[in-house]
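Below is one structure, written out as structure tokens; the observations come after it.
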Amino acid sequence: MLRAPQRLLIAMALVLLALVVQPGPVAAQAQNDAERYVAGIPDLPLMPGLEALPDSGVVFDKPGGRIVEAFAQGNVSPPSVTAFYDETLPQLGWQREALGVYLREGERLQLAFSQDAGKITLHFRLLPQ
0 MLRAPQRLLI
10 AMALVLLALV
20 VQPGPVAAQA
30 QNDAERYVAG
40 IPDLPLMPGL
50 EALPDSGVVF
60 DKPGGRIVEA
70 FAQGNVSPPS
80 VTAFYDETLP
90 QLGWQREALG
100 VYLREGERLQ
110 LAFSQDAGKI
120 TLHFRLLPQ
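Each residue of the sequence shown is one higher than the one before, counting from 0 in numbering that gives the first Met the number 0.
So this is what it looks like as structure tokens:
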């Protein structure tokens, strides 16, 4: 049989373990921050108002470069998306080549829109240049 001090010590260890295992606000914020980037392109921010469509994209990493396709959807307008990425991407080293097409370090990023039931679906395509 355990003595009172031993039971107290075990109880404190279990409480401490529960606190360590359960993600706190910092871990939850880090997860939310990770979700604010385009899947497969960790340095490409996801515009506010868009939500990633889970399990809708693909990622291929090959010797000649990576190929990534990802999708996001939201109640935003194509001009606001274009304005967001035209303003944001140059700060991350991307240069605009044409409407919805950006270049950086041997990669080409293409953004394409489709609209269904009032929602915009944004298709991100990253290819070797």
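Glycine included, every Cβ here is placed at the ideal spot set by N, Cα and C. Note that this is a predicted model, so its numbers are computed, not measured.
Should phenylalanine 59 go down as buried or exposed, given a rule of 16 or more other Cβ atoms within 10 Å for buried?
Exposed: under 16 other Cβ atoms inside 10 Å.
Do you know how far the Cα of valine 100 is from the Cα of alanine 69?
Those two C-alpha atoms are separated by around 15 Å.
Assign alanine 116 to buried or exposed, taking buried as 16 or more other Cβ atoms, counted over all protein chains shown, within 10 Å of its Cβ.
Label assigned to alanine 116: exposed.
In whole angstroms, what separates the C-alpha of proline 44 from that of serine 113?
If I take the Cα positions, the gap works out to 19 Å.
When you compare only the Cα positions, how much space is there between arginine 35 and aspartate 54?
Approximately 16 Å between the Cα atoms of the pair.
Sorted by chain position, which residues of the same chain lie with C-beta nearer than 7 Å to glycine 39's C-beta, five sequence neighbours on each side aside?
Contacts found: Gly56, Val58, Val67, Ala69.
Is glutamate 106 closer than 8 Å to leucine 91 when the C-beta atoms are compared?
Not closer than 8 Å, so no.
Run the CB neighbour count on alanine 97, radius 10 Å, all protein chains shown included, and call it buried at 16 or more, exposed below.
Exposed is the call here.
Based on DSSP bridge pairs, tell me the residues matched to alanine 71.
DSSP lists Ala51, Leu121 as partners of alanine 71.
Evaluate alanine 170 with the Cβ neighbour count: other Cβ atoms within 10 Å of its Cβ, from every protein chain shown; 16 or more gives buried, anything less gives exposed.
In this structure the chain extends from 0 to 128, so residue 170 is not present and cannot be described.
Using a 10 Å radius around the Cβ and a threshold of 16 neighbouring Cβ atoms, would you call alanine 71 buried or exposed?
Counting Cβ neighbours within 10 Å, alanine 71 comes out buried, since at least 16 surround it.
Which of helix, strand or coil does DSSP assign to serine 113?
Three-state result, serine 113: strand.
Please state the DSSP three-state secondary structure of glutamine 90.
Residue state, collapsed to three classes: helix.
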